[in-house]
Each structure stands twice: as C-alpha cells, then as structure tokens.
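Down below is the structure, laid out as structure tokens.
In our numbering, the protein residues as written are 1 to 157.
What follows is the structure, encoded as structure tokens:
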C-alpha cells in the first residue's frame, strides 16, 4: 500500500509519514550540507557552482559584483534551513516554515549529489550497476527526488 510521505493537515501544518530508517537517512542531509557550505571551495567545486550559479553567466564582472553584494547570504539561508531540518528530523508534524526548510535542504543536497554523479535526464540506475558506491548514492538521489516531489505537492495544496 502506497503512503504519501507528506500531507498538509486541515490545520495547515504538515504530517510526515516516513519510517525511522528514512529519518535516519535524512539525518545526514543537514550535516552534509553544513559541511559543504562551511568548508567547500565555492570557486572551484562544480557542485557548489551549481548550487550557487552565477547571476550573470555571460558577464563575469557583473557576476563578481553580485557575489560581493550578496556576501554569504545565500549560504546562510541554506545553513539556517539545514539547522531547522536537523532540529525537526524526528518531528511527526511540521509548520509550513519548517517544511520549506526541509525542501531547501533536500533540494540542496540533491543538486550536489546530481552534480557529483553527473546525472542527466537520461541517467538510469543501470548506469551505476558496476559501481556499488555510486549506485547507492544514486538510489539516495532518487529517494530525495521522490520526497522533494511530495513536499512540493503538499506545499501547493
């Protein structure tokens, strides 16, 4: 029987129907995101470049000005979202603000994983059958995609 993992309640908050195993997997999301944001190389790491793309792709000077103007704000927003997810990982109900923080964190890690795995629209599980580690990472990527889809749908209800 299929259980929708995220449902908006009549009160307007969100009920999480995910197993303890899924929660245990998700506990690593905010930790991994915080580690990457605090210690990653924003100028060279393709995953961080994808997470924080240039504002003006065809104009490096304007992009540089934009990055200076924004400072660490985009990263601090993601770090705040990660802290909310970490604090609420065992909750059965989340507010809309908390659910949005989960969405931000899950999406951030999905972007990083997709970049590292070189995922395209044509990528399939079979592409990783000869590499157990990458295959496992792709399975997590697919689960996060599934969960993200349900969160977006629930937020729109």
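No residue lacks a Cβ here, since even glycine has one placed at the ideal position from N, Cα and C.
Local conformation of residue 152 per DSSP, three classes: As a position in the chain shown, residue 152 is number 152, starting the count at 1. Residue state, collapsed to three classes: helix.
If we require 4 or more residues per run, which alpha helix (DSSP H) segments fall completely within the segment 121 to 152? none
Please name the residue in 3, 12, 107 whose C-alpha comes closest to that of residue 94. For the purposes of this step, residue 94 is taken as the residue at position 94 of the chain shown. Ranking the options by Cα distance to residue 94, first place goes to 12.
Which runs of the alpha helix (DSSP H) spanning at least 4 residues fall entirely within the segment 95 to 125, listed in chain order? 96 to 117
Taking 8 angstroms as the cut-off, decide whether the C-beta atoms of residue 105 and residue 137 are in contact. Locating residue 105 in the chain shown gives position 105, counting from the first residue. Locating residue 137 in the chain shown gives position 137, counting from the first residue. Against a cut-off of 8 angstroms, the Cβ pair of residue 137 and residue 105 comes out as no contact.
For residue 20, the nearest candidate out of 134, 151, 75, 92 (CA to CA): The residue labelled residue 20 in the question sits at position 20 within the chain shown. The option with the nearest alpha carbon to residue 20 is 92.
Here's the rule: buried if 16 or more other CB atoms are within 10 angstroms of the residue's CB, otherwise exposed. What is residue 98? Here the question's residue 98 lines up with position 98 in the chain shown. With 16 or more Cβ atoms within 10 Å of its Cβ, residue 98 is classed as buried.
What are the uninterrupted segments assigned as alpha helix (DSSP H) that are 4 or more residues long and contained completely in the segment 16 to 53, given in chain order? 20 to 26, 28 to 39, 46 to 51
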